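To start, the structure under review is shown below, and the notes come after it.
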Amino acid sequence: MKKIISSLFAALVLCASCSKDENNIVPADGQYIADAGDLVVVMVLENGNCTYFAPFVDGEVFGSWTTVSTSGDYPKYTYKVSGLNVASTFAGPTAFSAVLDGVLVKGQDGVNMESAQLAFGGSVVQFKLDSRVLDKNGDGILDEKQPDIR
1 MKKIISSLFA ALVLCASCSK DENNIVPADG QYIADAGDLV VVMVLENGNC
51 TYFAPFVDGE VFGSWTTVST SGDYPKYTYK VSGLNVASTF AGPTAFSAVL
101 DGVLVKGQDG VNMESAQLAF GGSVVQFKLD SRVLDKNGDG ILDEKQPDIR
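Take 1 as the starting number for the sequence shown in UniProt numbering and just add one per residue.
Here's what the structure looks like:
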């Protein structure tokens, strides 16, 4: 009887520790890229928090932000940058789909001096962990649009 109770207790402890570990899952740290044709969006995540956000439209960077608020828990996070909400759902630690809704306004954060807006009306994009360099020379134009850089 003692053996059975001890075995049941050990199994209970083991199961409890397994479910506890599942709640500690966070996305992999790194650069995530969504490539939706004329729109390419880059997000850098650390422990699930967004530390960098930059959309490229028609191959040119619209702006970049390092002030991004993060809320939620894995697998659902909401990132807010300027006037844009990015509602994300992770399919695994290295990929997520996101609904982009709102308006990005550049020129508000002191880094982007020109004032302009970029509106998103609930666009859904797929992000994947991707370490490739998109703008090697830092000129704000995607390298794929500049054949002499490749």
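Quick reminder that beta carbons are idealized off the backbone N, C-alpha and C, glycines included.
Being a predicted model, the structure only gives us computed values, none of them experimental.
| Query | Result |
| --- | --- |
| Given S123, which residues of its chain have a CB within under 6 Å of its CB, disregarding the five upstream and five downstream residues? | L100 |
| If you reduce the DSSP assignment to three classes, tell me which class D21 lands in. | The pLDDT assigned to D21 is 47, lower than 50, so where the model puts this residue is not dependable; a value taken from the coordinates is nonetheless given after this. Here D21 sits in helix by DSSP. |
| I'd like the span of the beta strand (DSSP E) that includes P55, first residue to last. | 49 to 57 |
| Let me check one thing: in DSSP terms, what residues is K80 bridge-paired to? | S69, N85 |
| Three-state secondary structure (DSSP) at D101? | strand |
| Return helix, strand or coil for N137, following the three-state DSSP convention. | coil |
| By Cβ distance, which residues of its chain are closer than 7 Å to N85, with the 5 residues on each side in sequence left out? | T78, D101, G102 |
| How many angstroms separate the CA atom of F56 from the CA atom of V133? | 13 Å |
| Which whole-angstrom value describes the C-beta separation of L129 and G37, a residue pair presumed to lie in contact below a C-beta threshold of 8 Å? | So it is not a contact: roughly 20 Å between Cβ atoms. |
| In the DSSP output, which residue or residues are listed as bridge partners for G121? | D101 |
| For D130, which three-state DSSP category applies? | coil |
| If you run the structure through DSSP and keep just helix, strand and coil, what is D35? | strand |
| To which residues does DSSP link V61 through a beta bridge? | F56 |
| With DSSP as the reference, please indicate the residues paired to L45 in a beta bridge. | G30, C50 |
| Do I149 and P93 come within 9 Å of each other at the CB atom, strictly closer than that value? | no |
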